[in-house]
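Colleague: Starting off with a structure, shown below.
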Amino acid sequence: MLDNVTINQLRAFVAVCDQGSFSAAARKLSRAQSAISHAVKALESAFDVELFERNTRKAQLSAAGRSLLPDARAVISRLEEMKNRAGAIARAGVPQVSVAVDAYFPRARLVDCLRTLQAEFPTAAISLRITTMQGGEALVLERACALAITIENVPEVNPDAIERSWLCEADMVTACAPSHLLASVPGPIPMDEFGLHIQVVVTDNQPGAEKIQQGVAGKRQWLVNDLSAKRDLLKAGLGWGHMPRHLVAEDLENGQLVELKRRAWHIRSLTFVVSQRRGYDLSPSESRLVEILGEP
């Protein structure tokens, strides 16, 4: 009977567990509720066990269901890996590169790498998305991009489906306009003092983005979803913020921005990682792009 188990039955079982009810699972999978119920019953018949308690109104797992749920997830995950590998094999001869790059990644470095890639793969079709926070990995999960260049300490969208590998680092600087009150504070500035002033913070359009902000000193914040907009606000004296040094080096040199020294508050360099779906095999052009992006 186990040969009759289908992936759709396993998906229905997992969806009921994740969504908490048969009706919610049906909405999630865009199927009729009767089809979900039939799939779970067929799975129970194949396994000869009851996966859910029958004397409760909610979809409550039985002891057998709790035991088998991790196995069901593992089977679905392996199938996704297999599909990703098959897709990579099918595309092996097509030089296409679809990549989402975090806005904090050095732009000049990105352009140089794309120039090198174009010289080595002149027929390659490039699809480039500039994203922030979890936006790149969301595009990878949606299969809109094969790769994402992500900041390492941004929480993963889905660790079971995404794998990361180290790429490179970039220096950060805390800055404001010379007209800002913080610019006149002598010596290193404590975090409490930073918290008294508006901090310009880059976020994205993902739900709950404000909950995963990095390097925030207090609750006085202006949120923007564009790094160049943040730079403009800082230069206008409307707040202070952390910026990639490569992006504001000219502003610091010509005096449009000043670097603020922090006291007892360490801001690490940005560590960038490459995010991809688990089981996805990079094409030669994708592998080459990752290689040159990570070169010193």
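Per full-length UniProt numbering, the very first residue in the sequence shown carries number 1; after that it's consecutive.
A virtual CB, placed ideally from N, CA and C, is assigned to each residue, including glycine.
From a predicted model like this one, the values you see are computed outputs, not experimental measurements.
Which two residues bound the contiguous beta strand (DSSP E) that contains Ile267?
Modeller: Element bounds for Ile267: n/a, residue is neither H nor E.
Colleague: What is the rounded straight-line gap between the Cα of Ile130 and the Cα of Arg107?
Modeller: One C-alpha to the other measures close to 10 angstroms.
Colleague: Give me the Cβ distance between Thr174 and Leu289, rounded to the nearest whole Å; I'm assuming they're in contact under 8 angstroms.
Modeller: About 31 angstroms separates the two Cβ atoms, so there is no contact after all.
Colleague: Quick check: what's the CA-CA separation for Ala138 versus Lys230?
Modeller: Straight-line Cα distance between these residues: approximately 23 angstroms.
Colleague: Between Ala64, Gly20 and Arg143, which has its C-alpha nearest Ala57's C-alpha?
Modeller: First, the residue type needs correcting, since residue 57 is Arg and not Ala in the sequence shown. Checking every option, the nearest Cα to that of Arg57 belongs to Gly20.
Colleague: Quick check: what's the CA-CA separation for Ile267 versus Ser179?
Modeller: Rounded to the nearest angstrom, the two C-alpha atoms are 23 angstroms apart.
Colleague: In the DSSP assignment, what are the bridge partners of Pro155?
Modeller: In the DSSP output, where bridge partners are listed per residue, Pro155 has none listed.
Colleague: Identify whether Gly241 lies in helix, strand or coil by the three-state DSSP scheme.
Modeller: Here Gly241 sits in strand by DSSP.
Colleague: For Leu227, count the other beta carbons within 10 Å of its own beta carbon; 16 or more makes it buried, fewer makes it exposed. Which is it?
Modeller: When all chains shown are included, Leu227 counts as buried.
Colleague: Count the other CB atoms within 10 Å of the CB of Glu210; is the residue buried (16 or more) or exposed (fewer)?
Modeller: Note that Glu210 scores 46 on pLDDT, short of 50, meaning its location in the model is unreliable; the coordinates nonetheless yield the value given after this. Per the 10 Å Cβ criterion, exposed.
Colleague: Does DSSP put Met172 in a helix, a strand or coil?
Modeller: Met172 falls in the strand class under three-state DSSP.
Colleague: At which residues does the alpha helix (DSSP H) containing Ile292 begin and terminate?
Modeller: Segment Pro284 to Leu293, the alpha helix (DSSP H) holding Ile292.
Colleague: Where does Glu142 sit, in a helix, a strand or coil, going by DSSP?
Modeller: Correct three-state label for Glu142: coil.
Colleague: Cα separation between Trp222 and Gln276?
Modeller: Taking the straight line joining both Cα atoms gives about 31 angstroms.
Colleague: Extract the residue ranges of the beta strand (DSSP E) inside the region 65-137, only unbroken runs of 3 or more that lie entirely within it.
Modeller: If we require 3 residues or more, the beta strand (DSSP E) runs fully inside the region 65-137 come out as 96-102 and 125-131.
Colleague: Between Gln134 and Val154, is the Cβ-Cβ spacing less than 8 angstroms?
Modeller: For Gln134 and Val154, yes; Cβs fall inside 8 angstroms.
Colleague: Check the C-beta distance from Ile149 over to Leu293 and give it rounded, since I have them as a contact under 8 angstroms.
Modeller: Yes, Ile149 and Leu293 are in contact; Cβ-Cβ is about 7 angstroms, under 8 angstroms.
Colleague: Thinking just about the alpha-carbon of each residue, which of Val140, Glu80, Leu117 and Phe272 is nearest to the one in Phe105?
Modeller: Ranking Val140, Glu80, Leu117 and Phe272 by Cα distance to Phe105 puts Phe272 first.
Colleague: What residue range does the alpha helix (DSSP H) around residue 351 cover?
Modeller: With the chain covering only 1 through 296, there is no way to say anything about residue 351.
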